[in-house]
Structure formats: C-alpha cells, structure tokens
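Shown next, in structure tokens, is the structure this report addresses.
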Amino acid sequence: MTGPRLVLREKRPQGSRVELAPGVVLGGRAFVVMAGPCAVESAAQIQEAAKAVAEAGCAVLRGGAFKPRTSPYAFQGLGAAGARLLGDAARRHGLLAISEVLDAADLPALEGIAVLQVGARNMHNSALLKTLSQLRRPVLLKRGLSATVEEWLLAAEYLLAGGNEQVILCERGIRTFEPATRNTLDLSAVAIAKQRTHLPVVVDPSHASGLRELIVPLSLAAAAVGADGLLVDVHPHPAEALCDGDQALPPEGLRDLMQRLPGVLAAVDRELWRAPLRRKAV
17 MTGPRLVLRE
27 KRPQGSRVEL
37 APGVVLGGRA
47 FVVMAGPCAV
57 ESAAQIQEAA
67 KAVAEAGCAV
77 LRGGAFKPRT
87 SPYAFQGLGA
97 AGARLLGDAA
107 RRHGLLAISE
117 VLDAADLPAL
127 EGIAVLQVGA
137 RNMHNSALLK
147 TLSQLRRPVL
157 LKRGLSATVE
167 EWLLAAEYLL
177 AGGNEQVILC
187 ERGIRTFEPA
197 TRNTLDLSAV
207 AIAKQRTHLP
217 VVVDPSHASG
227 LRELIVPLSL
237 AAAAVGADGL
247 LVDVHPHPAE
257 ALCDGDQALP
267 PEGLRDLMQR
277 LPGVLAAVDR
287 ELWRAPLRRK
297 AV
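FYI, my numbering numbers position 2 of the sequence shown as 18, with every residue one higher than the one before it.
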C-alpha cells in the first residue's frame, strides 16, 4: 500500500488538535486567525504589523524571513535577521509566530518561531519533510500549486511517518486556466480534506486570490466550509510592501474580517479565537 495511512480520518475519528500554545489550539471548536506581512522588511514594519495583529485579537503573527521568489531579482527576505525581528515582534505583542522554512539549514535561525511553514514549492521536497518529521514542533503544510488532494495528504504522511504529529494542512489555491485571480481557491479540497484526514485544515485566501478585495469573502467562505483557521496577509502599509502588497489587508481590513467571522462561525457551531485581553507591548 502506497497511499496515505497515518493521516486518514479513521485513525483518529475525533480529529487531531495541534496546540500552538496553552489555550491556542487548531482543530478544536475555536477558529484561529494567523496574520501578518508576507515578508519581514524592517524592524519598524514588523513591529507595526504585530501591533495591528495583536489589537485585532489574533493569535499568531506571520512573516516571511526566507522568501522563495520566482525571479532571482525579487526581494528574497532578510534571512536570519528577519527571523529575529519576527520573533522579537511576536514576543513584544504577546503573539506566536509562523514563518516559512526553505531548507534544513534555516532551522537554527527559526528556533524561536512557534510554527514552521512548508510552502507550496516545497510540498514535494521529501528531504525537507523528512527532516521536519524528526521535530516535535507544529508544521503548516501548504498544498502545492498543482498538487492533488492525494499528493497533499501524502506529503503530510511524510511528517507523521517520521513521528511529528503536529501537522496542519493549508489550502492556498491551485493553478488553473482562470487568470482573474492569482490562483483558484479550492474550497472543495478543504471539505474533502476534513472528511479524509484527522488533521486541522486552514485556508490562505491571500495567495489564493492575489486580490485584497477578495480576502474577506473568501475567508468567510472558508469558515463556512469547515476550515479550522486562516493564514492572511496583513501589512501596515500595503502600497509600500516589498512583495505581494496587492493581496495584503491593511490593519482596518483585518479588524473588519475579525468582526465578520463570528456570525458565519456561529452558523457552523464554531467560535472565533480571540485574545482574552488586549495585549500590550513590553
């Protein structure tokens, strides 16, 4: 048998829960929002972003330190320095942090990051997956640009087969013939994954659409279809972003999203995770 085994729903019918920190759990009744800029650009930018994410009541600050870019001339991220800035901003504002790992060599620089993200390009990178399977840290696994649901689950299987059960799936859109959006958000894959696997599933509406004005409606649709959370691009000044500014919400857009989500979640017997108290920088 070469198909998925450990990820299948029958292995854990009640579903898996991934605890990011005490009280912050993906896969339970709570719906968790992770938000922040696509890339860490400077200390001032990531601190301002962290303040906005914390004030909106989110749990996790996202930010790319190591950036895989299609063009070698595009901004590649700040590397280890960016990871330090991200971790510092998250701590100062009472947030957890998530960032992408491109190579096993990046792991020492990401030691203080709560959640490691495997991007769409690396979903098929079995060597990286095997390395991450040896860790006991949460890993968010994005679906590849043209990956089937079966291939996505098999990539997750690499992580579980090595002993790491703290795995989160992320639907981020797939490449289709439709040019109106950056990718096509496959919400049916979210529903299928929730039926086939016990792993939590989150949705990235930013990379799926590439368009700021679509993030809120796609996020609400993700909540309605059964996703366990969101990974959303938020930038304090989208027009000044060094990458993906067109798909980033400004802080007021994030606040609007957080206000709209509870109504949809109530209809599917879920609730939005919010910080119990407004966080203050220390």
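The C-beta atom is built at its ideal place from N, Cα and C for all residues, glycine as well.
Here the structure is a predicted model, which means the values were calculated and not measured.
* How would you call residue 61, buried or exposed, if buried means at least 16 neighbouring beta carbons within 10 angstroms? -> Here residue 61 refers to the residue found at position 45 of the sequence shown. Buried.
Notebook entry, point to check: First and last residue of the alpha helix (DSSP H) that includes residue 65?
Noted result: The residue labelled residue 65 in the question sits at position 49 within the sequence shown. Start and end: 59 to 71.
task: Would you mind sorting residue 282 into buried or exposed? The rule is 16 or more other CB atoms within 10 Å of its CB.
output: Against the sequence shown, residue 282 aligns to sequence position 266. Per the 10 Å Cβ criterion, exposed.
Discussion item. Here's a check: name, in chain order, each residue in its chain whose Cβ is nearer than 7 Å to the Cβ of residue 294, leaving out the five neighbours to either side.
Written reply: The count along the sequence shown starts at 1 and reaches residue 294 at position 278. Here the model assigns residue 294 a pLDDT of 47, short of 50, so the residue's position is not dependable and the matter cannot be decided.
Residue range of the alpha helix (DSSP H) that includes residue 27
Stepping through the sequence shown from its first residue, residue 27 is reached at position 11. No alpha helix (DSSP H) holds residue 27; DSSP gives it neither H nor E.
- [ ] Report yes if the CB atom of residue 280 is closer than 9 Å to the CB atom of residue 244, and no otherwise.
- [x] Here residue 280 refers to the residue found at position 264 when the sequence shown is read from its first residue. Here residue 244 refers to the residue found at position 228 when the sequence shown is read from its first residue. The Cβ-Cβ distance between residue 280 and residue 244 does not fall below 9 Å.
Using only CA atoms, which one of 158, 247, 150 lies nearest to residue 178?
Residue mapping note: residue 178 aligns to position 162 of the sequence shown, counting from 1. Checking every option, the nearest Cα to that of residue 178 belongs to 150.
* Residues of its chain near residue 191, where Cβ-Cβ distance is below 7 Å and the 5 sequence neighbours each way are ignored -> As a working mapping, residue 191 is identified with position 175 in the sequence shown. Listed in chain order, the non-local C-beta contacts of residue 191 below 7 Å within the same chain comprise 161, 162, 199, local neighbours out to five positions each way being set aside.
Please state the DSSP three-state secondary structure of residue 50. Locating residue 50 in the sequence shown gives position 34, counting from the first residue. Under the three-state reduction of DSSP output, residue 50 falls in the strand class.
How would you call residue 35, buried or exposed, if buried means at least 16 neighbouring beta carbons within 10 angstroms?
If you number the sequence shown from 1, residue 35 lands on position 19. Exposed, by the Cβ-count rule.
### Query
Does the Cβ of residue 275 have 16 or more other Cβ atoms within 10 Å, making it buried, or fewer, making it exposed?
Here the question's residue 275 lines up with position 259 in the sequence shown. It counts as exposed.
(message) I'd like to confirm the pairing. Which residues does DSSP put opposite residue 158 in its beta bridges?
(response) The sequence position of residue 158 within the sequence shown is 142, counting from 1. Looking at the DSSP output, residue 158 shares a beta bridge with 186.
### Task
Look at the Cβ atom of residue 33, then the Cβ atom of residue 216, and state whether they are nearer than 9 Å.
On the sequence shown, position 17 is the one that residue 33 refers to. On the sequence shown, position 200 is the one that residue 216 refers to. Taking C-beta atoms as the reference points, residue 33 and residue 216 count as a pair closer than 9 Å.
**Study point:** residue 133, enclosing alpha helix (DSSP H) - first and last residue
**Key:** For the purposes of this step, residue 133 is taken as residue 117 along the sequence shown, with counting starting at 1. Going by DSSP, residue 133 is part of no alpha helix (DSSP H) but of the beta strand (DSSP E) stretching over 131 to 134.
query: What is the DSSP secondary structure of residue 103, counted as helix, strand or coil?
result: Within the sequence shown, the letter at position 87 stands for residue 103. Here residue 103 sits in helix by DSSP.
Same chain only: Cβ atoms within 6 Å of residue 125, ignoring 5 sequence neighbours per side:
By 1-based counting over the sequence shown, the position of residue 125 is 109. Within the same chain, residue 125 has close Cβ partners 96, 99.
Burial state of residue 297, where buried means 16 or more other Cβ atoms lie within 10 Å
Here residue 297 is taken as the residue at index 281 of the sequence shown, counted from 1. At residue 297 the pLDDT is 42, less than 50, meaning the model places this residue with poor confidence; the figure from the coordinates comes in the next sentence. The residue in question, residue 297, is exposed, as its Cβ has fewer than 16 Cβ neighbours within 10 Å.
- Task: Assign residue 245 to one of three DSSP states: helix, strand, or coil.
- Result: In the sequence shown, counting from the first residue as 1, residue 245 sits at position 229. The answer is strand: DSSP assigns residue 245 an E or B state.
Checklist entry - Under a three-way DSSP split, which group does residue 78 fall into? => result Indexing the sequence shown from 1 puts residue 78 at position 62. Strand, per DSSP.
*Would you report the Cα separation of residue 87 and residue 258, rounded to the nearest angstrom?*
Residue mapping note: residue 87 aligns to position 71 of the sequence shown, counting from 1. Residue mapping note: residue 258 aligns to position 242 of the sequence shown, counting from 1. Residue 87 and residue 258: Cα-Cα distance of roughly 13 Å.
Exercise. Return the chain-ordered ranges of every alpha helix (DSSP H) run that is complete within the segment 163 to 228 and spans a minimum of 4 residues.
Key: Scanning the segment 163 to 228 from its first residue to its last, the whole alpha helix (DSSP H) runs of 4-plus residues come out as 165 to 177, 203 to 212, 221 to 225.
**Asked** Is the segment 208 to 215 close to the segment 228 to 238, with three or more CB pairs under 8 Å?
**Response** No: fewer than three Cβ pairs fall under 8 Å.
Among the candidates 105, 272, 287, whose CA atom is the shortest distance from the CA of residue 81? The sequence position of residue 81 within the sequence shown is 65, counting from 1. The shortest C-alpha separation from residue 81 is found at 105.
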